[in-house]
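Report on one structure; see the data block that follows.
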Ligand code: NAD
Ligand code: TYD
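Residue numbers (the working numbering): 448 to 797.
This is the structure:
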């Protein structure tokens, strides 16, 4: 059995690989093109495992993926590879179309051709899990119930639209060709190794260097936060026990306004790394809102809870404390990222 993980040098992918290597003895191939979001340092510990192999390459490169499938006899595909930051998709949507739509299409097409030539026994082993987001469902009003798997797709940002598009392709490959696929739609993740362009690591990074903590608009937008390891466990359950052709929503049951999130980070930091000049909360700064900013996301995880017996282990407080401690203990990882092109992004965005 060989598991192909794409995008394994990114935030969720690398956390998933660390989890997977402790749980399986199967061969694992990590295919990642190492964009700005992919970080070889996040996966260096994996090199000591004989059943692990890293390949630098893009899911848009059909020839390369075809030869990976043939050479490594892939039995499971877990597709994390994507452009994932909403603000970048607003300033430059093209890469989102290339990777999220065309790249996923390539991966599906190569999978289909490879799978169609397998023996019946090997065919029944094969599975393709597409890792997607709750942003495909659009924005909720305060009084609306959380997203179920049956909610209509109403993506609002170029990022969400590109992920929605890829989800539709995955669905079509099941209905048209019977390719054994599953899709998961997860809420906002946080935890170790997250690139500091996303809210939580950006706030931790800025607070530690006494920089302003930017809050878009009124800060009352709501996200449903899930600690990354809980997401990894859900993915592991889905790839092993999930039903072919199904979709699973995964969420933390942890709805928080952005302001609450930032205040929580400040108060944990006040305890863990007291600042002489006063609480980190004094750095909170309201800035221009994101265009088309979705007001609220929330996930109804009943299906995965009931059918796969999954539920998150971390509360927001325990997950946040682990996360902040990780960033405090891994300043070298952070310093490596926050030099160079990261500075250009921050200048352009804020
Ligand atoms: P990330 O941006 O941290 O990592 C993406 C990884 O994909 C990087 O390592 C990058 O180098 C790689 N990549 C990009 N383009 C590629 C290509 N063409 N070929 C191969 N590799 C490529 O993203 P993340 O936060 O780890 O998200 C992983 C997946 O989970 C994405 O599909 C995202 O849509 C989804 N998701 C993320 C969240 C979240 O809160 N971060 C929530 C739900 C779903
Ligand atoms: P983000 O981490 O980019 O995730 P997403 O847009 O996929 O939900 O943002 C989370 C929320 O935080 C979102 O409502 C936008 C907001 N936000 C800020 O207020 N300030 C920031 O500097 C960033 C990056 C995000």
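Where is the CB? At the ideal position from N, CA and C, for every residue including glycine.
Just so we're clear, the structure is a prediction, and the values are computed from it rather than from any experiment.
- Contact check for residue 710 against residue 681 fails: the beta carbons are separated by 8 Å or more.
- For residue 600, there is no enclosing beta strand (DSSP E), as DSSP marks it with neither H nor E.
- Rounded to the nearest angstrom, the gap between the Cα atoms of residue 643 and residue 748 is 27 Å.
- In this structure residue 594 is buried. Its beta-carbon is surrounded by 16 or more other beta-carbon atoms within 10 angstroms.
- Short note on residue 659: C-beta not closer than 7 Å to any heavy atom of the ligand TYD.
- Residue 690 and residue 571 have their alpha carbons spaced roughly 12 Å apart.
- Cβ contact annotation for residue 511 (same chain, cutoff 7 Å, sequence separation greater than five): 504, in chain order.
- In the DSSP secondary-structure assignment, residue 526 is bridged to 453 and 577.
- Bridge pairing for residue 734: 663 [DSSP].
- Linking residue 655 to residue 471 through their CA atoms gives a straight-line distance of about 37 Å.
- Looking only at 490, 645 and 676, the smallest Cα-Cα distance to residue 699 is reached by 676.
- The closest heavy atom of the ligand NAD lies 7 Å or more from the beta carbon of residue 537.
- For residue 507, the three-state secondary structure derived from DSSP is coil.
- In terms of CA proximity to residue 578, 686 leads the group 686, 769, 721 and 781.
- Residue 633 has 580 and 697 as its beta-bridge partners, per DSSP.
- Its Cα nearest to that of residue 586, the residue 744 stands out among 620, 744 and 522.
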